[in-house]
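First residue of the sequence shown: 348, per our numbering; consecutive thereafter. Step one of this worksheet: look at the structure below.
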Amino acid sequence: MNETLAVLGFSTTPLELISFALAVTTVLLNVRQNHWAWLFSITSSATYAVVFFDARLYGDSGLQLVFIAASVWGWYQWLRGAGETRLVVTRLGAAGWAWAVAAWGLGFLVLSWFLKNFTNTDVPHIDGFLTAGSLVGQLLLARKKVENWTVWIVVDVLYVGLYLYKDLHVTAVLYAVFVLLAARGLRAWSNIAQVKR
């Protein structure tokens, strides 16, 4: 699954292509609030963990393992929510934003320090920053907060550059598509949250 092949001028592997298809399906289902998105998330996270490890993106590889656990939790949250009712789309308040930004900042400091001192990655700071942001985005998504899409737009734009730098061209295209899908998700969920006020 790791043999190199060329697709539309990009160098890739079969595993990266499979991961790409699973990840696009995940986000399309998330935009529609379809709980089956979480199953696709678990599968794409498992395959991308291997792709990122092979590219020495250890933060991203480890993040995929966290995504698997978060996806199980998110699936449960979407089906059961708080108690026995399903979650509805809501917005963060000022305190929620403060916690999200603080968690991202603290996560960045811890992860970039760890990656710099305990791995052979050549991009510890950006990997740590994007991994921390992705964790925040995933938690907000699992709780059906509209702002998860804003986090994903920021993270995905920066990931495009990182993946181009790491010669993961197909994954860079995927994250460019994610930016568009996140914008679509932001618009759709914003409309839903306004209706429910």
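A virtual CB, placed ideally from N, CA and C, is assigned to each residue, including glycine.
Inset, instruction - Spell out a yes or no on whether the stretch 395-413 and the stretch 442-451 are touching, meaning 3 or more CB-CB pairs, one atom from each, closer than 8 Å. - result: no
Inset, instruction - Report the rounded CA-to-CA distance for PHE414 versus GLY508, giving the unit in angstroms. - result: Taking the straight line from one Cα to the other gives about 22 Å.
Inset, instruction - For the stretch 465-539, list the beta strand (DSSP E) runs that are entirely contained and at least 3 residues long, ordered along the chain. - result: Listed in chain order, there is nothing to give.
Inset, instruction - With a threshold of 16 other CB atoms inside 10 Å of the CB of TYR522, please say whether the residue is buried or exposed. - result: Buried is the call here.
Inset, instruction - Please say whether VAL517 and PHE367 have beta carbons closer to each other than 7 Å? - result: yes
Legend entry - Span separating the alpha-carbon of VAL457 from that of THR468: 15 Å
Legend entry - Sequence-distant residues of its chain with Cβ nearer than 8 Å to LEU487 (five each side left out): LEU439, ALA447, GLU494, ASN495, VAL498
Legend entry - ALA353 - containing beta strand (DSSP E), residue span: 352-354
Inset, instruction - Since I believe ASP503 is in contact with VAL339 (beta carbons under 8 Å), could you give me their beta-carbon distance rounded to a whole number of angstroms? - result: Here the chain comprises residues numbered 348 to 544, so residue 339 is not present and cannot be evaluated.
Inset, instruction - State yes or no: is the C-beta of ALA396 within less than 7 Å of the C-beta of SER388? - result: Not a contact, by the Cβ cut-off of 7 Å.
Legend entry - Burial state of VAL436, where buried means 16 or more other Cβ atoms lie within 10 Å: buried
Inset, instruction - Mark PRO361 as exposed unless 16 or more other C-beta atoms lie within 10 angstroms of its C-beta, in which case mark it buried. - result: exposed
Inset, instruction - Return the Cβ separation of LEU434 and HIS382 in integer angstroms, given the expectation that the two are a contact with Cβ distance under 8 Å. - result: Actually they do not touch by this definition, with Cβ atoms about 10 Å apart.
Inset, instruction - Work out the CA separation of PRO471 and TYR512 for me, nearest whole Å. - result: 13 Å
Inset, instruction - Look at the Cβ atom of ALA535, then the Cβ atom of VAL378, and state whether they are nearer than 7 Å. - result: yes
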